[in-house]
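**Q**
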Amino acid sequence: MTVRIVDRRQDSRNKSSINRSRFIRRFKGQIRKAVADAIARRGIRDLESGEKIGIPGRDISEPQFRFSRSGIRDNVHPGNDRYLPGDEVDRPLEGGSGQGRGQASKDGEGLDDFVFTLSRDEFLDIFFDELALPNLIKRQLARIEEYRRVRAGYTHTGVPTNINLIRTMRGATGRRIATGGPHAVRLRELQEELARLQALHPNGDPEIDRIETEIAVLKARMGAIPFIDSFDLRYNNRIRIPEPSTQAVMFCLMDVSGSMDESKKQMAKRFFMLLYLFLNRSYEHIEVVFIRHHTAAEEVDEENFFHSRETGGTIVSSALKLMREVIAERYSSSVWNIYGAQASDGDNWSDDSPQCRDLLSQSILPCVQYFAYIEITDGEPQNLWLEYETVRDFHADCFAMQRIAEVTDIYPVFRELFKKRLA
Amino acid sequence: MGEPSLEAATENSEWTVEAIEYYDREIGRVARNYGLDCYRHQLEIITAEQMMDAYASIGMPVYYHHWSFGKHFLETENRYKRGQMGLAYEIVINSDPCIAYLMEENTSTMQALVIAHAAYGHNSFFKGNHLFRQWTSADAIIDYLIFARNYIAECEERYGIDEVERLVDACHALSNLGVDRYKRSPPLSLVKEKLRQKEREEYLQAQVNDLWRTLPRHPLTEEPETETRFPAQPEENLLYFIEKNAPLLEPWQREIVRIVRKVNQYFYPQRQTQVMNEGWACFWHYTLLNTLYDEGKLSDGFMFEFLQSHTNVVYQPAYNSPHYSGINPYALGFNLWQDLRRICENPEDEDREWFPDIAGSDWRETFQFAMTNFKDESFIAQYLSPRLMRDFRFFAVLDDDSRSKLRINAIHNEQGYRELRQKISEQYNLSNADPNLQIWNVDLHGDRSLTLRHFTHRRRGLAEVSFAALDHLAYLWGFTVRLEQQSPDGDVRLLGERKPERRRRL
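Going down the list, the sequences are from chains U and H.
Read in order, the letters of the first sequence correspond to residues 491 to 913 in the numbering used here.
Read in order, the letters of the second sequence correspond to residues 14 to 519 in the numbering used here.
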């Protein structure tokens, strides 16, 4: 009897994934905190990796009734090289460090962080947990994977409607030539021979009879080659490729005037980064438009957006105007989900602020999914903020604003801005 | 049937199914010659990841879900990926048929080693040893685990993951004190019960002398109304007690307590026989493969690779080595069995003096007896020879926290052998590994509070973490739980008291 060998490599992969997700579920609080810390350290492009997370070992210990280290105990060790009965030795026993460590963790006193690696998806899921974009619902319903059918060569199998006649007939012809070829050659030879013999022996000859029989056999054989065989059939092949069902464009608007210093820009960067990450989870395809402004606005690439510096005054409306133009030119709101995120320190020409308000509420908010404004300042709210407040009152469903003072405020602010709304 | 040639099977380090079949057939043949009695077995090829899965779920192919297994998986994965640990080459499951996992990364030599070690070594131990025979039913365990997983999943659906998780947490916290160390007497059948009752009645009737009834009662000798204690006898199996007696648990909760308890009980013999079992398996893979080599069925290259792995497994670092982390059960076990064979086959005078019964006996019979009837503690107490103690250079250290220095109590010399052997044996006594805690009393007429008593031995106290476990006990019991400590001279003091978080509805 031979032994039974079962190859299990293909089945029950990721058997622990449930336990793993249970673990993450249970320690969500600690993990979320660790994730928030990690995000603060990350660059905007650094989204394609998981994250190593440490959470306090004490939180996740599994308690049991155990001995403490007190009292009297006997230990037996191997490898005696120097001791005699009755010897007194300082503790810990030399080289017994391994033992000591083992004891410590046995008592559950080990306070080391429990370190493990979150996959990218887990990392982001935790990060975006409980968040959802407003007004997303209708688009989300439409997000059921749409497919486009495209041609992709030919196959041997398919339905009759898809038969490709040219390919099929070409194949059949080739096959007939290939299989009938040797017979045809032989037939020609025999026919020549027959003609020659018939000329020599007009009255018949046994050889002639033999050749005629062979010719008959060959013709029968060639006749038996099917004109078309199931083997010849070729079908047009069509495959389905997923159609990016939703696409989004995200406008990042930032004040780069002299009053926006580097730390404020870093804060703004985090804010944009978070929005980008979130959109990335929701849309197949995202474009990002960076618009910076001081007294005049311009569209720039990411590098210039964050790292070059201008001086001068501030006219916020210039950026809004540019955004409006770009939308009109390239991102029709029937095809694109448009998101706007604006960061500023609140400085603006006082007579420009009402203009901003009008621009926003009349020409931008009607065509965007959401517009978020953060004001990075620790001072008193200025005129832009006050004007925007009136915008918020009228467009609460697609406009949000927040003031932040420190880097650590960003995460809560972000959550606040996009907190799940109950319909 | 075409025999795959020896060359084909062994020349390549990559394993093939044919090579595994060949090894299994040959090893099986030799094992039968040695008289090893095994369950049927099944070899399963798995990946490293699946091996880590198996680690996390105590090696079982099916198991219920719990976050702590996820934690262990992450821990293992982390250490494995950082190269801090290798994975075990094999895991074997005490079931019938016995399932042995072979990891796909193993070379073909390693697969042969694993087959000999697990599918024949461990397998025969599971089938033969009395503890496994008594406590585990190999043919039913897989079915039971499937039942357990489905049942717990169903409860999660019905009562919510959090509720179930809370309960399983609590059960896990008590799991090391949730095993029966001794067999309970089986419940009597109705017929037997009646028979006994009748016997008792007849006996009492026979004792009655009607005259006694007429004696007036003396007020002093009259029995005082003693308060009935509950439980009548202290109970050391906390999970069992909870399952049977916790007042507020619902039926499904009792069932889950029972599941955790049962699974734990199933693995208890493995903890009790680690040294013997691993040693047995090592002895047999060593013996079986060497026999095959002597028959000329294995190449030199194979043997080199095999011996290298083997020596790594049974290596015992000395106490002062940086790699030292206690006595290696593989090393001790392997050497115990090897030494036992030596005592049987080539006894010296010392052995004849120490082991008069077995010196010079038939080693297969002695092995069979030893394998069947012992556990680590008794096996060591019975068979650890002076020679082995010398080879290991064992020494016993007394660690008394009231003294500033450690004291060397015994070493491997004539005066020390017996004491040393006894100390090593005690080290493997599981009753010494966990604190002696017993359910002492339940205040049935009052607030239903439960008293758990710790009986100290050699002044060993409870670690702080025990109070967290006490919380779990309070959760299960549903009423106040007290932890007392009783010293050997009878002093009892209260260590702590826990009230459950909230009363659950009845």
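No residue lacks a Cβ here, since even glycine has one placed at the ideal position from N, Cα and C.
Since we're looking at a predicted model, the values are computed, not measured.
1. Taking the CB atoms as reference points, tell me whether F761/U and A809/U lie closer together than 8 Å.
2. Just the Cα atoms here: how many angstroms apart are D959/U and F604/U?
3. Report yes if the C-beta distance between Y725/U and L769/U is below 8 Å; otherwise report no.
4. Is the Cβ-Cβ distance between I452/H and P247/H less than 8 Å?
5. Under 9 Å between beta-carbons, which chain U residues line up against D447/H? List them in chain order, please.
6. So, with DSSP's three-state summary, where would you put T300/H?
7. Counting only runs that start and end within the segment 649-694 of chain U, where is the alpha helix (DSSP H) found for 4 or more residues in a row?
8. Using the beta-carbon of each residue, which ones in chain H are nearer than 8 Å to V579/U?
9. I'd like to know if V525/U contacts chain H, where contact means its C-beta is closer than 8 Å to some C-beta of that chain.
10. Please name the residue in R403/H, R416/H and N445/H whose C-alpha comes closest to that of N570/U.
11. Taking the beta carbon of Q220/H as the centre, do at least 16 other beta carbons fall within 10 Å, making it buried, or is it exposed?
12. Going by Cα to Cα distance, which pick from K518/U, D577/U and V525/U is closest to A409/H?
13. Closer than 8 Å, CB to CB, is V478/H near chain U or not?
14. Consider the Cβ of G83/H: report whether some Cβ of chain U lies at a distance smaller than 8 Å.
15. Put G346/H into one of helix, strand or coil per three-state DSSP.
16. So which residues of chain U does K436/H contact, with C-beta pairs closer than 9 Å?
17. Cβ of R522/U less than 8 Å from any chain H Cβ?
18. What separation, rounded to the nearest whole angstrom, lies between the Cα atoms of D957/U and G643/U?
19. Between the C-alpha atoms of R633/U and A662/U, what's the straight-line distance to the nearest angstrom?
20. Determine whether the Cβ of F405/H lies closer than 8 Å to any Cβ atom of chain U.
21. Assuming R499/U and T60/H form a contact by the criterion Cβ under 8 Å, report the distance between their Cβ atoms to the nearest whole angstrom.
22. Go ahead and label E390/H buried or exposed: buried means 16 or more other beta carbons lie within 10 angstroms of its beta carbon, across all protein chains shown.
23. For S121/H versus W28/H, is the C-beta distance shorter than 8 Å?
24. For C51/H, does the three-state DSSP call read helix, strand or coil?
25. Hey, how far is the Cα of K811/U from the Cα of Y878/U?
26. Assuming V493/U and D37/H form a contact by the criterion Cβ under 8 Å, report the distance between their Cβ atoms to the nearest whole angstrom.
27. Decide yes or no for the touch test of the segment 186-197 of chain H against the segment 552-572 of chain U: beta carbon pairs closer than 8 Å, at least 3 of them.
28. What do you get for F382/H, buried or exposed, if any count of 16 or more other CB atoms within 10 angstroms of its CB means buried?
29. Just the Cα atoms here: how many angstroms apart are A706/U and V496/U?
30. In angstroms with no decimal places, state the Cα-to-Cα distance between Q329/H and Y337/H.
31. Would you tell me roughly how many angstroms separate the C-alpha atoms of L508/H and Q498/H, rounded to the nearest one?
32. If you scan the segment 766-841 of chain U from start to end, which runs of the beta strand (DSSP E) of 3 or more residues do you find wholly inside it?
33. For T385/H, which of helix, strand or coil comes out of DSSP?
34. Check whether the Cβ of S808/U lies closer than 8 Å to any Cβ atom in chain H.
35. So, E510/H versus T493/H, is the Cβ gap smaller than 8 Å?
36. Starting from R209/H, trace the alpha helix (DSSP H) in both directions and tell me its first and last residue.
**A** In brief:
1. no
2. Here chain U comprises residues numbered 491 to 913, so residue 959/U is not present and cannot be evaluated.
3. no
4. yes
5. Q554, F555, R556 and F557
6. helix
7. 655-690
8. V410, K418, L419, R420 and I421
9. no
10. R403/H
11. exposed
12. D577/U
13. yes
14. yes
15. helix
16. D564, N565 and V566
17. no
18. With chain U represented from 491 up to 913, any question about residue 957/U goes unanswered, as that position is not in the structure.
19. For R633/U, the predicted model reports a pLDDT of 44, less than 50, meaning its position is unreliable; a value from the coordinates is still stated below. C-alpha separation (whole angstroms): 45 Å.
20. yes
21. 5 Å
22. buried
23. yes
24. coil
25. 16 Å
26. 4 Å
27. yes
28. exposed
29. 58 Å
30. 8 Å
31. 7 Å
32. 775-783, 787-790 and 827-834
33. helix
34. no
35. yes
36. L203 to Q220
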